[in-house]
Amino acid sequence: MATNGPTLFTHLLPPVKPVPNHFTASAVVIEEGHILLVHHRRIGAWLPPGGHIDEGELPHEAAMREVFEETGVQVMVLTSELPISIDTDAFFLQQPLCMHGVFAVENGVELYHVDLAYLCAVDRSESGEMPLLTVAEEVHDAAWIPIGGLGSLNLAKNVREVVDMALSKLAG
Numbered sequence: 214m215a216t217n218g219p220t221l222f223t224h225l226l227p228p229v230k231p232v233p234n235h236f237t238a239s240a241v242v243i244e245e246g247h248i249l250l251v252h253h254r255r256i257g258a259w260l261p262p263g264g265h266i267d268e269g270e271l272p273h274e275a276a277m278r279e280v281f282e283e284t285g286v287q288v289m290v291l292t293s294e295l296p297i298s299i300d301t302d303a304f305f306l307q308q309p310l311c312m313h314g315v316f317a318v319e320n321g322v323e324l325y326h327v328d329l330a331y332l333c334a335v336d337r338s339e340s341g342e343m344p345l346l347t348v349a350e351e352v353h354d355a356a357w358i359p360i361g362g363l364g365s366l367n368l369a370k371n372v373r374e375v376v377d378m379a380l381s382k383l384a385g
């Protein structure tokens with residue numbers, strides 16, 4: 214029997230270590246053939262800006278806050294159309310591009326960062342130009358990297374795959 218809907222399947226995971234999960238949010242910002250990346254001091258690699266979700270903060274808000282804190286850039290989340298939410302007790306959240314898990318060690322504790330990666334765009338309401346970047350203390354550098362130049366960088370785990378998903382989504 215043929216179906217017209219999306220193909221659904223079960224995704225198999227590798228064996229997962231029995232360690233705590235910390236929820237994080239990140240922003241994949243692609244503009245004019247460039248991606249916004251930060252070189253994280255502790256990790257020692259390039260990755261999209263992001264970090265831990267604060268108490269009382271929604272994941273997409275954390276992603277936007279982290280981009281601003283780490284780079285000085287204001288962004289907005291791009292998401293699929295959702296039902297209108299008018300009930301403060303039950304509402305729909307902006308959809309992430311993907312969720313992925315990355316093993317980490319923080320302050321000597323092993324854990325997984327369960328990251329909600331959001332596809333974002335620069336908020337150009339104030340200027341039509343690509344924004345200049347500032348660099349926060351926790352990052353070594355921030356840069357607009359040409360998409361074609363990603364192969365020459367030391368990228369954090371899953372970054373290439375997340376970027377490929379974002380490019381596919383932007384292509385339609």
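Adding 213 to a residue's 1-based position in the sequence shown gives its number in this note's numbering.
Cβ atoms here follow ideal geometry from the backbone N, Cα and C, with glycine treated the same way.
Exercise for review: Verify whether the separation of the beta carbon atoms of phenylalanine 239 and aspartate 377 is less than 7 Å.
Suggested key: The sequence given here has serine at residue 239, not phenylalanine. Not a contact, by the Cβ cut-off of 7 Å.
**Study point:** Residue burial classification, valine 229 (beta-carbon count within 10 angstroms, cutoff 16)
**Key:** exposed
Exercise for review: For the beta strand (DSSP E) containing valine 335, list its first residue and its last residue.
Suggested key: 322-335
Review point. Does the distance from the CB of leucine 324 to the CB of histidine 235 come in under 7 Å?
Key: yes
Check your understanding: Taking C-beta to C-beta, are asparagine 371 and histidine 313 nearer than 7 Å?
Key -> yes
Practice item. Just the C-alpha distance for glycine 246 and phenylalanine 316, rounded to the nearest angstrom, thanks. Key: 30 Å
Exercise for review: Under 7 Å Cβ to Cβ from lysine 382, same chain only, skipping five residues before and after it: list those, please.
Suggested key: Leu310, Leu332
Practice item. Determine the contact status of valine 335 and glutamate 279, defining contact as a CB-CB distance below 7 Å. Key: no
Point to revise | Segment limits, beta strand (DSSP E) that includes histidine 224 | key: Here histidine 224 belongs to no beta strand (DSSP E), and DSSP marks it neither H nor E.
Review point. Helix, strand or coil for alanine 379 per DSSP?
Key: helix
Point to revise | Burial state of glutamate 268, where buried means 16 or more other Cβ atoms lie within 10 Å | key: exposed
Review point. If you drop the 5 nearest sequence neighbours on each side, which residues of the same chain put their C-beta closer than 6 Å to that of leucine 295?
Key: Phe305
Exercise for review: Could you give the DSSP three-state label for isoleucine 256: helix, strand or coil?
Suggested key: coil
Check your understanding: By Cβ distance, which residues of its chain are closer than 8 Å to threonine 237, with the 5 residues on each side in sequence left out?
Key -> Gly263, Gly264, His265, Ile266, Ala275, His326, Val327, Asp328, Leu329
Practice item. Out of Val232, Leu368, Glu350, point me to the one whose CA is closest to glutamate 283's CA. Key: Glu350
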